[in-house]
Amino acid sequence: MRKCFSPKPFNVFFILLAGSLIAGAAKQYNSFAGPWIAYTEKLYACDENYHWTWSLKSTYFNPARPLDRQRLTGWVNATTPMTDQTFIQVTLDLWSNNMWKQNAFVFKFPDRGCSVLVKNIPDVARQVFNYKPRTPCLIPAAYYEVNDKPVEYVFPSVPTMVYGHYRFRLESGYRGSTPEACFIAEVRIVPKPLQ
Numbered sequence: 008m009r010k011c012f013s014p015k016p017f018n019v020f021f022i023l024l025a026g027s028l029i030a031g032a033a034k035q036y037n038s039f040a041g042p043w044i045a046y047t048e049k050l051y052a053c054d055e056n057y058h059w060t061w062s063l064k065s066t067y068f069n070p071a072r073p074l075d076r077q078r079l080t081g082w083v084n085a086t087t088p089m090t091d092q093t094f095i096q097v098t099l100d101l102w103s104n105n106m107w108k109q110n111a112f113v114f115k116f117p118d119r120g121c122s123v124l125v126k127n128i129p130d131v132a133r134q135v136f137n138y139k140p141r142t143p144c145l146i147p148a149a150y151y152e153v154n155d156k157p158v159e160y161v162f163p164s165v166p167t168m169v170y171g172h173y174r175f176r177l178e179s180g181y182r183g184s185t186p187e188a189c190f191i192a193e194v195r196i197v198p199k200p201l202q
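Listed below in structure tokens is the structure:
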């Protein structure tokens with residue numbers, strides 16, 4: 008008598024499971040890093056005394072409409088100008104295991120602070136500081152008000168980033184001196200939605 012092919016039900020289950028996982032993998036996001044968008048959860052001032060003072064609030068991020076821009080309201084009092092003689096240091100602390108992991112990413116720009124800010128966070132510079140391109144780069148000392156302006160947190164120089172919950176700290180000042188400005192924002196970096 009000739010034997011017929013009779014797959015065992017257990018093997019068929021695993022073949023179907025593996026096939027569905029392979030077929031679905033092309034549609035899934037990379038869960039570690041990749042193209043991203045950022046949104047703010049909380050904005051607050053640094054603990055130390057700085058020359059610049061500010062108070063900003065952003066609207067709630069709607070996960071159902073991730074491409075909608077958050078709206079920003081508040082003020083910034085810049086008592087000293089930001090020029091290309093200033094430095095910028097950005098520190099990202101990562102929230103993991105119920106605590107902040109200090110200095111997960113550190114970006115230091117020893118000079119050209121104004122140009123670095125405008126190049127790396129263009130929408131914030133335009134909406135908050137009313138920045139218009141000029142040479143040399145300058146954000147004048149002034150009192151800036153923001154009233155329900157849409158802000159896109161885009162960093163063109165960083166196309167790929169590790170997803171997660173971060174504390175973003177930006178410090179700026181003149182070379183050889185202590186920082187004059189400090190901003191802190193708790194942000195979420197999430198996969199960029201397909202359009």
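Heads up: the sequence shown begins at 8 in this note's numbering, then just goes up one per residue. Positions of the beta carbon are idealized from the N, C-alpha and C atoms, including for glycine.
Every unbroken beta strand (DSSP E) within the segment 60–89, with a cutoff of 3 residues, ordered by chain
60–65 and 77–85
Do VAL97 and TRP61 have their CB atoms nearer than 9 angstroms?
no
Rounded C-beta distance between PHE162 and ASN127? I'm assuming under 8 angstroms.
5 angstroms
GLY180 versus PRO147 - alpha carbon distance:
14 angstroms
Confirm, please, whether the CB-CB distance from CYS121 to THR93 is below 9 angstroms.
yes
Does the Cβ of GLY31 have 16 or more other Cβ atoms within 10 Å, making it buried, or fewer, making it exposed?
For GLY31, the predicted model reports a pLDDT of 48, less than 50, meaning its position is unreliable; a value from the coordinates is still stated below. Label assigned to GLY31: exposed.
Considering Cα atoms alone, identify which of ALA111, ARG141 and TYR150 is closest to VAL135.
TYR150
Close Cβ partners of LYS199 (< 7 angstroms) along its chain, the five nearest in sequence each way excluded:
PRO42, TRP43 and ILE44
TYR160 classed as buried or exposed, judged by whether at least 16 other C-beta atoms fall within 10 angstroms
buried
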